[in-house]
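Following: one structure in structure tokens, then a few remarks.
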Amino acid sequence: MSIEEQQSPITSTQHGLVLGREKNGVLLFNGIPYAEPPVGDRRFKRPVSPVSWDDIRDATRFGPAAPQLPSGGMTDSVPVNWNEDCLLLNVCTPAIDQKKRPVLVWIHGGAYRSGQGAVPWYNGTSFALNGDIVVVSINYRLGALGFTDLSRFGDDYATSGVNGICDQIKALEWVRDNISGFGGDPSKVTIAGESAGGFSVATLLGCEQAQGLFCRAIPQSGATHHTLTDDVGKVVADLLMDELGVESIDELKSASVLDILKAQSRVDVRYNPMNIGNGVQAFYPVELNEVLPIPLRESIRAGVGASVPVLTGTNKDENTLFVVEKVSPEKLRYQAKAYGSESLVEAYREMLPGATETELAIELGTDFTFKIPAIRHVEDRLAHGADTWMYQFDWESRNGHLKATHALEIPFVFNTLTSSGVDSFIGEGELPQAVSDEMHSVWTSFIKGDEPGWPKYDLEKRTVKHFDDTSSLVDNGELPRLNAWEGIR
Numbered sequence: 218m219s220i221e222e223q224q225s226p227i228t229s230t231q232h233g234l235v236l237g238r239e240k241n242g243v244l245l246f247n248g249i250p251y252a253e254p255p256v257g258d259r260r261f262k263r264p265v266s267p268v269s270w271d272d273i274r275d276a277t278r279f280g281p282a283a284p285q286l287p288s289g290g291m292t293d294s295v296p297v298n299w300n301e302d303c304l305l306l307n308v309c310t311p312a313i314d315q316k317k318r319p320v321l322v323w324i325h326g327g328a329y330r331s332g333q334g335a336v337p338w339y340n341g342t343s344f345a346l347n348g349d350i351v352v353v354s355i356n357y358r359l360g361a362l363g364f365t366d367l368s369r370f371g372d373d374y375a376t377s378g379v380n381g382i383c384d385q386i387k388a389l390e391w392v393r394d395n396i397s398g399f400g401g402d403p404s405k406v407t408i409a410g411e412s413a414g415g416f417s418v419a420t421l422l423g424c425e426q427a428q429g430l431f432c433r434a435i436p437q438s439g440a441t442h443h444t445l446t447d448d449v450g451k452v453v454a455d456l457l458m459d460e461l462g463v464e465s466i467d468e469l470k471s472a473s474v475l476d477i478l479k480a481q482s483r484v485d486v487r488y489n490p491m492n493i494g495n496g497v498q499a500f501y502p503v504e505l506n507e508v509l510p511i512p513l514r515e516s517i518r519a520g521v522g523a524s525v526p527v528l529t530g531t532n533k534d535e536n537t538l539f540v541v542e543k544v545s546p547e548k549l550r551y552q553a554k555a556y557g558s559e560s561l562v563e564a565y566r567e568m569l570p571g572a573t574e575t576e577l578a579i580e581l582g583t584d585f586t587f588k589i590p591a592i593r594h595v596e597d598r599l600a601h602g603a604d605t606w607m608y609q610f611d612w613e614s615r616n617g618h619l620k621a622t623h624a625l626e627i628p629f630v631f632n633t634l635t636s637s638g639v640d641s642f643i644g645e646g647e648l649p650q651a652v653s654d655e656m657h658s659v660w661t662s663f664i665k666g667d668e669p670g671w672p673k674y675d676l677e678k679r680t681v682k683h684f685d686d687t688s689s690l691v692d693n694g695e696l697p698r699l700n701a702w703e704g705i706r
């Protein structure tokens with residue numbers, strides 16, 4: 218490839234030519250449509266392939282994110298330019314040639330309400346340069362526009378409660394059909410994501426319609442406990458329509474995006490506080506439809522996805538990101554009761570002598586939402602002999618309260634510690650580059666088809682790799698917590 222071709226690379230997709238750009242030794246193609254815009258009559262419907270274009274499409278800039286309200290999270294480290302025309306993806310590749318490289322498809326988090334593939338934390342340059350890996354990041358429909366069950370209005374809306382997942386499947390189909398034009402191998406696709414992205418990866422693992430579109434999976438801080446029953450999905454849809462003051466699908470499709478987002482926020486206020494014990498929120502994927510015909514955990518227990526090797530884990534202090542106020546003894550007991558049993562408080566006091574109510578609340582929330590579901594997901598897979606490795610991220614932020622908080626592992630995995638917004642998470646001082654190097658290397662090896670470098674998880678030893686300044690392997694380290702949650706979570 219000539220210097221000019223490297224600086225202004227052009228490649229082909231099934232729908233037309235795209236123009237990318239070179240930056241820091243890799244080729245970037247951004248804002249490529251993988252589906253028709255879900256606007257107008259296509260709102261709330263399953264995605265369909267995009268219409269082909271005749272000219273060379275400019276793919277040198279990121280496209281818009283899915284519609285969302287300001288989150289105050291890491292996504293806000295870059296401007297969030299959103300538009301309902303959001304079914305776009307980005308490709309970072311070492312080169313456009315005939316070489317068949319492994320592919321990483323990254324699914325962003327954000328509680329199914331916010332986020333985008335353009336976040337600098339997800340920059341794939343290090344994977345491309347150090348691992349010779351093609352990295353794809355995607356946008357998908359969020360919130361009410363992606364997860365409102367409107368199946369009552371007919372077959373056209375049969376998947377409306379899970380359209381965000383349908384978008385992800387459509388993006389994976391695009392990768393299967395087009396990634397060879399970007400130097401990637403469609404038979405060597407790893408899906409990965411964090412938080413709601415991790416929930417999504419676990420959901421895709423249990424989804425028959427997604428099987429064959431990927432060969433490895435990395436759910437980070439995400440498992441199979443994060444879906445809505447169809448009954449709850451209908452309640453959430455009722456609440457949305459009530460807040461919008463509409464009764465028909467035509468009224469819903471003609472409502473402004475901003476009105477829908479504002480109504481979504483009001484539904485959250487009405488629904489979420491009453492359902493703390495379910496571990497889910499309004500506008501999560503809805504079960505019992507053509508995409509998720511049986512409850513997700515039942516699908517995993519039936520062996521769906523068992524042939525896919527999985528690397529999964531959580532962060533030691535996930536919930537420090539969400540608990541910012543002092544917790545009273547009364548609120549702690551309420552939290553434990555909502556989770557299933559007030560006895561959890563005493564069990565955790567015994568495990569963590571001297572811990573304050575706030576610290577206990579953080580531990581309980583971390584385990585209820587993230588750690589225990591991740592372990593249960595692995596246990597469900599083990600019944601079918603599925604190859605699974607577990608990790609825990611232990612490196613503590615120097616920023617006081619946060620410790621090893623939710624999402625902090627992402628810039629370590631991507632080797633993006635100097636990206637915008639990361640410094641406020643890791644705190645001041647020397648960059649923990651050695652920890653990042655180790656994690657980035659493990660993820661790279663796994664994506665390329667190798668084992669991570671420690672024993673698979675089994676019920677006898679329950680080996681977990683702990684990443685820290687000095688990493689370690691721990692056997693049966695979570696047994697006391699698992700015992701406390703037995704029969705509850």
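Mind the numbering: the sequence shown is residues 218 to 706 in the numbering used here, read in order.
Ideal Cβ placement from N, Cα and C applies to all residues, glycine included.
A quick note: this is a predicted structure, and the numbers were derived from the prediction, not measured.
TODO: For Ser-225, name the three-state secondary structure that DSSP assigns.
DONE: For the purposes of this step, residue 225 is taken as residue 8 along the sequence shown, with counting starting at 1. Here DSSP, grouped into helix, strand and coil, assigns Ser-225 to coil.
Selection from Ala-375, Gly-248, Leu-676 and Asn-700 that minimises the alpha carbon distance to Ser-354: Here residue 354 refers to the residue found at position 137 when the sequence shown is read from its first residue. For Ser-354, the nearest C-alpha among the options comes from Gly-248.
Classify Pro-697 as helix, strand or coil using the three-state DSSP reduction. In the sequence shown, the residue the question calls residue 697 occupies position 480. Helix at Pro-697.
TODO: Helix, strand or coil for Glu-703, going by three-state DSSP, please let me know.
DONE: Position 486 of the sequence shown, counted from the start, is the residue given in the question as residue 703. Secondary structure of Glu-703 (DSSP, three-state): coil.
- Message: Just verifying my parser: in three-state terms, what is the DSSP assignment at Cys-432?
- Response: Here residue 432 refers to the residue found at position 215 when the sequence shown is read from its first residue. Correct three-state label for Cys-432: coil.
Checklist entry - Can you name the start and end residues of the alpha helix (DSSP H) that Gln-609 belongs to? => result Position 392 of the sequence shown, counted from the first residue, corresponds to residue 609. Element bounds for Gln-609: not the alpha helix (DSSP H) but the beta strand (DSSP E), 605 to 610.
- Item | Range covered by the beta strand (DSSP E) that runs through His-683 | Indexing the sequence shown from 1 puts residue 683 at position 466. 681 to 684 is the span of the beta strand (DSSP E), which, as asked, contains His-683.
Thr-529 - DSSP class collapsed to helix/strand/coil
Your numbering for residue 529 matches position 312 in the sequence shown. The three-state secondary structure of Thr-529, taken from DSSP, is strand.
How far does the alpha helix (DSSP H) with Asp-654 in it reach, from first residue to last?
Here residue 654 is taken as the residue at index 437 of the sequence shown, counted from 1. Counting along the chain, the alpha helix (DSSP H) containing Asp-654 begins and ends at 650 to 664.
Self-check item: Straight-line Cα distance separating Asp-675 from Thr-292
Solution: Within the sequence shown, the letter at position 75 stands for residue 292. Within the sequence shown, the letter at position 458 stands for residue 675. Unreliable placement is indicated for Thr-292, whose pLDDT of 49 sits below 50; the coordinate value is still reported in the next sentence. Approximately 36 Å, taken between the alpha carbons.
For Pro-281 and Tyr-339, the rounded distance between their alpha carbons
Here residue 339 corresponds to residue number 122 of the sequence shown, with the count starting at 1. Here residue 281 corresponds to residue number 64 of the sequence shown, with the count starting at 1. About 16 Å.
Taking Cβ positions, are Leu-228 and Gly-398 nearer each other than 9 Å? Taking the sequence shown and counting its residues from 1, the one referred to as residue 228 is at position 11. Taking the sequence shown and counting its residues from 1, the one referred to as residue 398 is at position 181. Looking at the sequence itself, residue 228 is Thr, so the reference to Leu does not match. Closer than 9 Å, so yes.
Fill in: Cutoff 8 Å; reference Gln-224; Cβ partners in own chain excluding five residues on either side
Here residue 224 corresponds to residue number 7 of the sequence shown, with the count starting at 1. These residues qualify, in order along the chain: Arg-238 and Glu-239.
Exercise. Assuming Val-525 and Ala-434 form a contact by the criterion Cβ under 8 Å, report the distance between their Cβ atoms to the nearest whole angstrom.
Key: Working through the sequence shown from its first residue, we reach residue 525 at position 308. Working through the sequence shown from its first residue, we reach residue 434 at position 217. Going by Cβ atoms, the distance from Val-525 to Ala-434 rounds to 5 Å, so yes, they are a contact pair.
- prompt: Would you report the Cα separation of Asp-654 and Phe-431, rounded to the nearest angstrom?
  reply: Residue numbering aside, residue 654 sits at position 437 when the sequence shown is read from its first letter. Residue numbering aside, residue 431 sits at position 214 when the sequence shown is read from its first letter. When rounded, the distance between both Cα atoms is 25 Å.
By DSSP, does Cys-309 sit in helix, in strand, or in coil? On the sequence shown, residue 309 is found 92 positions in, with the first residue counted as 1. Three-state result, Cys-309: strand.
Sequence-distant residues of its chain with Cβ nearer than 6 Å to Glu-245 (five each side left out): In the sequence shown, the residue the question calls residue 245 occupies position 28. For the record, residue 245 in the displayed sequence is Leu; it is not Glu. For Leu-245, where only same-chain residues beyond five positions count, the Cβ hits under 6 Å are Gly-237, Arg-238 and Cys-309.
DSSP three-state label for Phe-416, please.
Here residue 416 is taken as the residue at index 199 of the sequence shown, counted from 1. Three-state result, Phe-416: helix.
Asp-275 - partner residues in DSSP beta bridges: On the sequence shown, position 58 is the one that residue 275 refers to. Asp-275 pairs with Leu-236.
Note to self: With a threshold of 8 Å on Cβ separation, who are the neighbours of Glu-596 within its own chain once the five nearest residues in sequence on each side are excluded?
What the structure shows: Working through the sequence shown from its first residue, we reach residue 596 at position 379. Once the five neighbours on either side are set aside, the close Cβ partners of Glu-596 are Leu-676.
Considering only C-alpha positions, which residue in the set Pro-319, Gln-315 and Ile-324 is nearest to Leu-306? Here residue 306 refers to the residue found at position 89 of the sequence shown. The shortest Cα separation from Leu-306 among Pro-319, Gln-315 and Ile-324 belongs to Ile-324.
- Message: Taking only three categories from DSSP, how would you classify Phe-500?
- Response: Here residue 500 is taken as the residue at index 283 of the sequence shown, counted from 1. Coil at Phe-500, not helix or strand.
Just checking my contact of Lys-554 with Lys-620 at CB under 8 Å: how many whole Å lie between their CB atoms?
-> Position 337 of the sequence shown holds residue 554. Position 403 of the sequence shown holds residue 620. Between Lys-620 and Lys-554 the Cβ distance is about 26 Å, and since that is not below 8 Å, they are no contact.
Practice problem: Just the C-alpha distance for Arg-174 and Val-639, rounded to the nearest angstrom, thanks. | Solution: Because the chain here runs from 218 to 706, residue 174 falls outside it and cannot be looked at.
*Three or more C-beta pairs below 8 Å linking the region 489 to 505 and the region 435 to 444*: When Cβ pairs closer than 8 Å are counted between the two stretches, the region 489 to 505 is seen to touch the region 435 to 444, the count reaching three or more.
#### Entry: CB of Gly-410 within 9 Å of CB of Gly-439, strictly
As a first step, residue 410 must be located in the sequence shown, where it is residue number 193. As a first step, residue 439 must be located in the sequence shown, where it is residue number 222. The criterion of a C-beta distance shorter than 9 Å is satisfied by Gly-410 and Gly-439.
Note to self: Whole angstroms are fine: how far does the CA of Val-297 sit from the CA of Gly-233?
What the structure shows: Within the sequence shown, numbered from 1, the residue matching residue 233 stands at position 16. Within the sequence shown, numbered from 1, the residue matching residue 297 stands at position 80. Approximately 27 Å between the Cα atoms of the pair.
Hey, is the region 542 to 554 in contact with the region 570 to 581, meaning 3+ C-beta pairs nearer than 8 Å? Counting C-beta pairs with one atom in each stretch, the region 542 to 554 and the region 570 to 581 have three or more that are closer than 8 Å, which means they touch.
How about the region 553 to 567 and the region 483 to 497: do they share at least three Cβ pairs that are nearer than 8 Å?
yes
Just tell me which of Thr-342, Ser-471, Arg-483 and Phe-261 has its CA closest to the CA of Gly-378.
Taking the first residue of the sequence shown as position 1, residue 378 is located at position 161. The residue with the shortest Cα to Cα distance from Gly-378 is Phe-261.
- request: Decide if Leu-528 is buried, meaning its Cβ has at least 16 other Cβ atoms within 10 Å, or exposed.
  value: Numbered from 1 along the sequence shown, position 311 holds the residue referred to as residue 528. Flag for Leu-528 reads buried.
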